[in-house]
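Student: Take a look at the following structure, please.
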Amino acid sequence: MRYEESARETYRIRRDDPLSASAVSEWTIRLTRGEDGDAEIVTRTELRATAADFIMDSRIEARANRETVAERSWHRTTPRTSV
Numbered sequence: 007m008r009y010e011e012s013a014r015e016t017y018r019i020r021r022d023d024p025l026s027a028s029a030v031s032e033w034t035i036r037l038t039r040g041e042d043g044d045a046e047i048v049t050r051t052e053l054r055a056t057a058a059d060f061i062m063d064s065r066i067e068a069r070a071n072r073e074t075v076a077e078r079s080w081h082r083t084t085p086r087t088s089v
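Each residue of the sequence shown is one higher than the one before, starting from 7 at the first, in our numbering.
Structure (structure tokens):
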């Protein structure tokens, strides 16, 4: 069995705008077993904020033999109560 993993994380902010900050994390994990096929999980999460809230958008996709077999996306907003 072969295991492959790749990740990319991107952080951005404009010098004059602290509320422009964002972080994006993208991961792919793949398992292959020769001619017997493969399984892959692909994820993406983005974090950002407004003056009132923290915001998270996420997505996960599961693939078997390069075809999507399951996927889910969700959005969460959390009030900035301690800032």
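Just so it is clear, CB atoms sit at the ideal spot from N, CA and C, and this is done for glycine as well.
(1) Provide the residue(s) that pair with R78 in DSSP beta bridges, ordered along the chain.
(2) Out of Y9, R72, R8 and A57, state which residue places its alpha-carbon closest to the alpha-carbon of L25.
(3) Taking Cβ to Cβ, would you say R8 is nearer than 7 Å to T49?
(4) Pull up the DSSP beta-bridge partners for L53, would you.
(5) When you compare the CB positions of S12 and T34, do they come within less than 7 Å of one another, or not?
(6) Starting from S12 and walking both ways along the beta strand (DSSP E), at which residues does that stretch end?
Tutor: Result, derived from the coordinates:
(1) I66
(2) A57
(3) no
(4) A29 and M62
(5) yes
(6) R8 to R20
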